[in-house]
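Colleague: If you're matching positions, the sequence shown starts at 499 in this note's numbering and goes up one per residue. Built from N, CA and C at the ideal position, the CB exists for glycine as well.
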Amino acid sequence: MLKKNKFNNKLSRTIGLNEYQIHLFIDRIEREFIIIDSTGFQEHFNCIEFICKTCDFIIIFIDISIELNQSEIEEFIDKIERNKRIIPFPSKIIVVGTKLDIKKIRMKKIDELEYIINSRYPYIEISSKLNQNCFDIFYLISYIESTQLQKKQTFCSLV
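Here it is, written out as structure tokens:
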């Protein structure tokens, strides 16, 4: 699953991507996850082709505590899909709703949003403040993979 091309650390510094590593035990086997964080800046969207060729999974983080225009979220996902059709890449997409702990100001249309996302991609909500469901993202990834995970996986998070 891991691509043959190595991630170019020098290039990541010039375009503002951050790279992290995390080691987890999944099914009693230690796995190394490399996370490339684009920090959600619009200018980083221009390097999506590079990111998608490098990563096995794309994780899109959406702040569900603020009122967002649902069409903006769909448009962002559509941009990734259009890019995927133009330059096919094997990345799988997962959508993560963040700030689950702030329910009083959650998006009003979250049920509609969940339906739209669930019909296209796996969706999970997390709260890093409460440490709720954070590692479930990696378990979701292992569930998505019908074959056994390799010891090393590469991800891109688009916030």
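Tell me which residues share the same chain as I622 and place their Cβ nearer than 7 Å to its Cβ, disregarding the 5 neighbours each side in the sequence.
Modeller: The answer, listed in chain order, is V594, N631, D634, I635, L638.
Colleague: Helix or strand or just coil, what does DSSP make of D525?
Modeller: coil
Colleague: Among all the DSSP beta bridges, which residues are the ones paired with D561?
Modeller: DSSP output for D561 lists T596 as bridge partner(s).
Colleague: Give the DSSP-derived three-state secondary structure of Y621 in the structure shown.
Modeller: In the three-state reduction of the DSSP assignment, Y621 falls in the strand class, which pools E and B.
Colleague: Rounded to whole angstroms, what's the CA-CA distance from D599 to S625? Just pull it up for me.
Modeller: 6 Å
Colleague: Can you check DSSP and say which residues form a bridge with F636?
Modeller: Answer by DSSP bridge pairing: none, since F636 is not bridged.
Colleague: How long is the line joining the alpha carbons of R618 and R526, rounded to whole angstroms?
Modeller: 30 Å
Colleague: Rounded to whole angstroms, how far is the Cβ of I520 from the Cβ of I558, which I believe are closer than 8 Å?
Modeller: So it is not a contact: roughly 18 Å between Cβ atoms.
Colleague: Using the Cα positions of E530 and L522, report the straight-line distance between them to the nearest angstrom.
Modeller: Between E530 and L522, the C-alpha separation is close to 7 Å.
Colleague: For K577, count neighbouring C-beta atoms within 10 Å of its own C-beta (all shown protein chains included) and say buried if the count is 16 or more, exposed if not.
Modeller: exposed
Colleague: Whole angstroms is fine: what's the gap from I524's alpha carbon to D561's?
Modeller: As the crow flies, the alpha-carbon of I524 is around 27 Å from that of D561.
Colleague: Hey, how far is the Cα of I571 from the Cα of E528?
Modeller: Separation of I571 and E528 (C-alpha to C-alpha, rounded to the nearest whole angstrom) is 34 Å.
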